[in-house]
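Participant: What follows is a structure written as structure tokens; I'll ask about it next.
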Amino acid sequence: MDSNGQQDPPGAISLSEREEQVAQCVATGLNNKEIADNLSITEQTVKNHLNRVFHKIGAKDRLEVALWVISQDQDLRSLQ
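And the structure:
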């Protein structure tokens, strides 16, 4: 289910709101300390969120996270 209470489409990857924020920060090129400062959380919490993002989307590194975020943004724009 997404943050609006709507059912996710089959096969959709569901990140928490905070995981999405961390992933978007990664896509903009921020490092863990910068993400932590931006979101007012600890670096360890950033690492925890990133580990869950890596697992959920099957990413091996930050570049794959960034590419996934970009592809999701393009998918959303194509629906509008």
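Numbering-wise, numbering that gives the first Met the number 0 puts 44 at position 45 of the sequence shown, and it's gapless, one number per residue. Cβ coordinates follow ideal geometry from the N, Cα and C atoms, glycine included.
If you draw a straight line from the alpha carbon of K59 to that of L38, how long is it in whole angstroms?
Facilitator: Here residue 59 corresponds to residue number 60 of the sequence shown, with the count starting at 1. Here residue 38 corresponds to residue number 39 of the sequence shown, with the count starting at 1. For K59 and L38, the distance between alpha carbons rounds to 23 Å.
Participant: Can you name, in chain order, every residue of its own chain whose Cβ lies under 8 Å from the Cβ of W67, other than the five neighbours on each side?
Facilitator: Sequence index remark: in the sequence shown, residue 67 carries index 68 (1-based). Within the same chain, W67 has close Cβ partners A22, I56, A58.
Participant: Buried or exposed: where does H48 fall if 16 or more other Cβ atoms within 10 Å of its Cβ makes it buried?
Facilitator: If you number the sequence shown from 1, residue 48 lands on position 49. Buried: at least 16 other Cβ atoms inside 10 Å.
Participant: Please give me, in chain order, every unbroken run of the alpha helix (DSSP H) with length at least 4 that falls completely inside the segment 9-60.
Facilitator: Whole alpha helix (DSSP H) segments, 4+ residues: 16-26, 31-38, 42-56.
Participant: Measure the alpha-carbon distance for I12 versus D72 and round it to whole angstroms.
Facilitator: Within the sequence shown, residue 12 is the residue found at index 13, counting from 1. Within the sequence shown, residue 72 is the residue found at index 73, counting from 1. Taking the straight line joining both Cα atoms gives about 14 Å.
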